[in-house]
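Q: Provided herewith is a single structure, encoded as structure tokens, for subsequent inquiry.
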Amino acid sequence: MEPVEINAGGYYLRQLRADHRLDDRPALVEAFTDPVQQRFVTGYVVDDLHSASAYVELRASEWASGKRCSWAVAEPTTGDLLGEVGLKALDPDAGTAETAVWVHPAARGRGVAVAAVGAALRFGFGALGLHSVDYLHDPANHASEGVARRCGFSFVGPDAAGPDVRWTRVAP
47 MEPVEINAGG
57 YYLRQLRADH
67 RLDDRPALVE
77 AFTDPVQQRF
87 VTGYVVDDLH
97 SASAYVELRA
107 SEWASGKRCS
117 WAVAEPTTGD
127 LLGEVGLKAL
137 DPDAGTAETA
147 VWVHPAARGR
157 GVAVAAVGAA
167 LRFGFGALGL
177 HSVDYLHDPA
187 NHASEGVARR
197 CGFSFVGPDA
207 AGPDVRWTRV
217 AP
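With the numbering used here as the guide, the letters of the sequence shown map in order to residues 47 to 218.
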């Protein structure tokens, strides 16, 4: 699948980049070395430019294979990376996916996650024809709970596969 850009109102969603025109790697390192991010976004070590390059390459390969649609959430005038949103665990046959989002520490508290998740959901339900999208988060992550509520997800309960709680949203 080819990456697409999305206008998300006050932000735009684009592919993560590390090239001569735009380099998201320093902001990725800042975000992934933040203690809050490390607590709630596990499974990734992005602590230098080399590992940030590998992260950008991973997201590009996931787009290409159709496993995950992942967007950098960017400031529209500068292109600065404010966070990332994605649709992962894509199952086009079943019409399902799971959303994922994180916000750079300097951009938290500004509604970035709500705008980004809303745009990703519109893409998933519209362009991909998904029927439902899940949202999982650590029960202690109250900011994520707020994002789920503001984006119209319904609370399901504890996730059977782990310590997270699960929310779901069905296509309009």
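Every residue gets a Cβ at the ideal spot worked out from N, C-alpha and C, and that includes glycine.
Under DSSP, the beta strand (DSSP E) around residue 181 begins and ends at which residues?
A: Counting from one through the sequence shown, the residue named residue 181 turns up at place 135. Residues 178 to 183.
Q: May I ask you to report which of helix, strand or coil DSSP gives residue 229?
A: Because the chain is modelled from 47 through 218, residue 229 falls outside the range shown and cannot be assessed.
Q: Where residue 96 and residue 63 are concerned, what is the direct C-alpha to C-alpha distance, given to the nearest angstrom?
A: Start at 1 with the first residue of the sequence shown, and residue 96 comes out as number 50. Start at 1 with the first residue of the sequence shown, and residue 63 comes out as number 17. Whole-angstrom Cα-Cα distance: 13 Å.
Q: Since residue 174 is in the beta strand (DSSP E), which residue starts that stretch and which ends it?
A: As a working mapping, residue 174 is identified with position 128 in the sequence shown. From DSSP, residue 174 is part of no beta strand (DSSP E); its letter is neither H nor E.
Q: Counting Cβ pairs, one atom from each stretch, are 3 or more of them under 8 Å apart for the stretch 65 to 80 and the stretch 186 to 196?
A: Too few Cβ pairs lie closer than 8 Å, so no.
Q: Per DSSP, what kind of secondary structure is residue 74 in: helix, strand or coil?
A: Working through the sequence shown from its first residue, we reach residue 74 at position 28. It is helical.
Q: Less than 6 Å between C-beta atoms, sequence neighbours within five positions excluded: which residues of the same chain meet that for residue 176?
A: Within the sequence shown, the letter at position 130 stands for residue 176. The answer, listed in chain order, is 141, 143 and 170.
Q: Can you grab the Cα-Cα spacing for the pair residue 101 / residue 47, in whole Å?
A: Residue 101 sits at position 55 when you count from the first residue of the sequence shown. Residue 47 sits at position 1 when you count from the first residue of the sequence shown. The straight-line gap from Cα to Cα measures roughly 18 Å.
Q: Secondary structure at residue 136, three-state DSSP: helix, strand or coil?
A: Here residue 136 refers to the residue found at position 90 of the sequence shown. Residue 136 falls in the strand class under three-state DSSP.
Q: Identify every residue that forms a DSSP beta bridge with residue 116.
A: Residue numbering aside, residue 116 sits at position 70 when the sequence shown is read from its first letter. Answer is 132.
Q: So, using beta-carbon positions, are residue 129 and residue 158 closer together than 8 Å?
A: Here residue 129 refers to the residue found at position 83 when the sequence shown is read from its first residue. Here residue 158 refers to the residue found at position 112 when the sequence shown is read from its first residue. Going by C-beta atoms, residue 129 is nearer than 8 Å to residue 158.
Q: Rounded to a whole number of angstroms, what is the C-alpha to C-alpha distance between residue 84 and residue 78?
A: For the purposes of this step, residue 84 is taken as residue 38 along the sequence shown, with counting starting at 1. For the purposes of this step, residue 78 is taken as residue 32 along the sequence shown, with counting starting at 1. The alpha-carbon atoms of residue 84 and residue 78 are separated by roughly 6 Å.
Q: Could you check where the alpha helix (DSSP H) with residue 154 kicks off and where it finishes?
A: Stepping through the sequence shown from its first residue, residue 154 is reached at position 108. Unbroken run through residue 154: none, as it is neither H nor E.
Q: Use the C-beta contact count for residue 201: other C-beta atoms within 10 angstroms, 16 or more gives buried, fewer gives exposed.
A: Taking the sequence shown and counting its residues from 1, one reaches residue 201 at position 155. Looking at its Cβ environment, which holds fewer than 16 other Cβ atoms inside 10 Å, residue 201 is exposed.
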